[in-house]
Amino acid sequence: MVAGRVVRFDSVRGYGFIASDAGGEDIFLHVNDLLIPEEYIRSGLVVEFDVESGDRGLKASNIRLPEGAAPPVPRRSHEAGPRAVTLDENGNVMCDVLSAQEYRRDVTELLLAASPLLTAEQILTIRAALVKFSEGHGWVED
8 MVAGRVVRFD
18 SVRGYGFIAS
28 DAGGEDIFLH
38 VNDLLIPEEY
48 IRSGLVVEFD
58 VESGDRGLKA
68 SNIRLPEGAA
78 PPVPRRSHEA
88 GPRAVTLDEN
98 GNVMCDVLSA
108 QEYRRDVTEL
118 LLAASPLLTA
128 EQILTIRAAL
138 VKFSEGHGWV
148 ED
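If you're matching positions, the sequence shown starts at 8 in my numbering and goes up one per residue.
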């Protein structure tokens, strides 16, 4: 049994990756290997799993919560995964406009997952700059 944290998970495609506490390359995870509800899976979730050799490298199986861990709050529907791509009449990609609150939450989660050693002050500074930049491009609305 190995412990690690979910690095990312795409619920639309049904797969993601886990960073093992032992280090090394991220380990592939597939929705069919979950022993917990898929709605629990999100970046940063601590899990235990077995490691197998798959066709393309290491693969997690029997993915579960550590013994005694409280079940996480299931993802809300807007957290389920990547937003769908929408095309306009000319075939150009259109993107969703997020509320400032949604954007701040998503950026915070991304920063925590990408660099857990960032301080709260660093996260707030980076997040504020990203929100200002995004508002200037019309990616965020109040």
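Yeah, the Cβ is synthetic: ideal placement off N, Cα and C, and Gly gets one too. As the structure is a computational prediction, the values presented were derived from the model and not from experiment.
Through-space distance from residue j to residue i, alpha-carbon basis
i           : j           : result
residue 49  : residue 140 : 26 Å
residue 54  : residue 131 : 28 Å
residue 45  : residue 69  : 13 Å
residue 143 : residue 137 : 10 Å
residue 107 : residue 133 : 14 Å
residue 145 : residue 135 : 15 Å
residue 161 : residue 97  : The chain is shown from 8 up to 149; residue 161 falls before or after that span and cannot be answered.
residue 105 : residue 114 : 11 Å
residue 117 : residue 26  : 15 Å
residue 121 : residue 74  : 26 Å
residue 125 : residue 112 : 16 Å
residue 20  : residue 119 : 23 Å
DSSP bridge partner residues for residue i (one or two, in chain order)
i           : result
residue 57  : 68
residue 17  : 22
residue 27  : 11
residue 141 : None, per the DSSP bridge assignment.
residue 148 : 106
residue 34  : 25
residue 150 : One cannot answer for residue 150 here, as it falls past the ends of the chain, which runs 8 to 149.
Exposure label - residue i; buried when at least 16 CB within 10 Å
i           : result
residue 15  : buried
residue 51  : exposed
residue 147 : buried
residue 36  : buried
residue 13  : buried
residue 23  : buried
CB of residue i within 9 Å of CB of residue j, strictly
i          : j           : result
residue 28 : residue 10  : yes
residue 81 : residue 110 : no
residue 60 : residue 38  : no
Supposed contact pair residue j and residue i - C-beta distance, whole angstroms, cut 8 Å
i          : j          : result
residue 40 : residue 77 : Actually they do not touch by this definition, with Cβ atoms about 22 Å apart.
residue 65 : residue 43 : About 20 Å; that fails the 8 Å criterion.
residue 57 : residue 8  : 6 Å
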